[in-house]
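Engineer: Take a look at this one; I'll ask things after.
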Amino acid sequence: MLRPSDGKEAKNIAFIQCAGSRDKNHLAHCSRICCMASLKQTNYVQEKFGDDGKSTIYYIDMRAIDRFDDFYQNVQNNPNVSFIKSKVAKIEEDKTSGNPVLHGVDTEGYKRYANPHDLVVLATGMEPSVDFKGFPIKILVNDEGFIEHDDSNGGIFAAGVASDALDVNRAVQHATAAALRAVQVVNQVAGA
Ligand code: SF4
1 MLRPSDGKEA
11 KNIAFIQCAG
21 SRDKNHLAHC
31 SRICCMASLK
41 QTNYVQEKFG
51 DDGKSTIYYI
61 DMRAIDRFDD
71 FYQNVQNNPN
81 VSFIKSKVAK
91 IEEDKTSGNP
101 VLHGVDTEGY
111 KRYANPHDLV
121 VLATGMEPSV
131 DFKGFPIKIL
141 VNDEGFIEHD
151 DSNGGIFAAG
161 VASDALDVNR
171 AVQHATAAAL
181 RAVQVVNQVA
191 GA
């Protein structure tokens, strides 16, 4: 794990959650996967460096949903992983070491911090990338770019990550529900 700027081994890594997400000026939605992705990556730091590897997660609130809560608790019990409840206000470079220094306020205790790390990882959000302009049918798309149900186009609806930012479990549930609904519709039409 090397720092791209100068190739230094990155043993002390900061993860910034909701980087641009849950922010009405950028991405309003929660992407639902990036908390788990960062928690998983703290395991990689641990596997690579053992007790020399330190991870710090800066977060608003952690969203480890459903059965992933056990995984979250395991990471919380790791003494080499710290959690700081805070939106990072600023990142400056330490000119001597080249380290990024994170500034902000820890909202649990309202303490100011200026924490140096070797590397900062931003948990950026999911955005739809489909260009709907070329679609042969009219699609209703919300402000975030996800497809909304629309009776005026024959009731076309989207499933999975076309309809919202979802983790794999929920995307599979959506797809299964959509397939079942399609089977029902086909059976109804055939019966009529
Ligand atoms: S899943 Fe992503 S957007 Fe949602 S709370 Fe976690 S880091 Fe923020």
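Residues in the sequence shown are numbered from 1 upward in steps of one, following full-length UniProt numbering.
For glycine and all other residues, C-beta sits at the position ideal for the given N, C-alpha and C.
Note that the structure is predicted; figures quoted are calculated from it, not measured.
Just the C-alpha distance for residue 166 and residue 49, rounded to the nearest angstrom, thanks.
Structural biologist: Here the question's residue 166 lines up with position 166 in the sequence shown. Here the question's residue 49 lines up with position 49 in the sequence shown. The alpha-carbon atoms of residue 166 and residue 49 are separated by roughly 32 Å.
Engineer: Report the start-end ranges of each alpha helix (DSSP H) in the stretch 31-58 that is 4 residues or longer and not cut off at the edges.
Structural biologist: As far as the stretch 31-58 is concerned, its whole alpha helix (DSSP H) runs of at least 4 residues are 34-49.
Engineer: Are the beta-carbon atoms belonging to residue 109 and residue 87 less than 8 Å from one another?
Structural biologist: Residue numbering aside, residue 109 sits at position 109 when the sequence shown is read from its first letter. Residue numbering aside, residue 87 sits at position 87 when the sequence shown is read from its first letter. Against a cut-off of 8 Å, the Cβ pair of residue 87 and residue 109 comes out as no contact.
Engineer: Counting Cβ pairs closer than 8 Å, one from the stretch 73-82 and one from the stretch 44-62, do we hit at least three?
Structural biologist: The stretch 73-82 vs the stretch 44-62: in contact.
Engineer: The ligand SF4 and residue 112: does the residue's C-beta get closer than 7 Å to at least one heavy atom of that ligand?
Structural biologist: Position 112 of the sequence shown, counted from the first residue, corresponds to residue 112. Outside the cutoff, so no.
Engineer: Using the Cβ count rule (16 or more neighbours within 10 Å means buried), how would you classify residue 137?
Structural biologist: The residue labelled residue 137 in the question sits at position 137 within the sequence shown. So residue 137 counts as exposed.
Engineer: Please state the DSSP three-state secondary structure of residue 101.
Structural biologist: Numbered from 1 along the sequence shown, position 101 holds the residue referred to as residue 101. Here residue 101 sits in strand by DSSP.
Engineer: Taking the alpha helix (DSSP H) that residue 182 falls in, what are its first and last residues?
Structural biologist: For the purposes of this step, residue 182 is identified with residue 182 of the sequence shown, where counting begins at 1. Residue 182 -> alpha helix (DSSP H) spans 168-191.
Engineer: Let me check you understand the geometry: is the CB of residue 86 closer than 7 Å to at least one non-hydrogen atom of the ligand SF4?
Structural biologist: Sequence index remark: in the sequence shown, residue 86 carries index 86 (1-based). False, no ligand heavy atom lies under 7 Å from that Cβ.
Engineer: With distances taken from CA atoms, which of 121, 129 and 96 is nearest residue 40?
Structural biologist: On the sequence shown, residue 40 is found 40 positions in, with the first residue counted as 1. Among 121, 129 and 96, the Cα nearest to that of residue 40 belongs to 121.
Engineer: Does the stretch 124-137 come within contact of the stretch 15-24, defined as at least 3 CB pairs closer than 8 Å?
Structural biologist: The stretch 124-137 is in contact with the stretch 15-24.
Engineer: Determine the burial state of residue 182: buried for a count of at least 16 other Cβ atoms within 10 Å of its Cβ, exposed for fewer.
Structural biologist: Here residue 182 is taken as the residue at index 182 of the sequence shown, counted from 1. Exposed is the call here.
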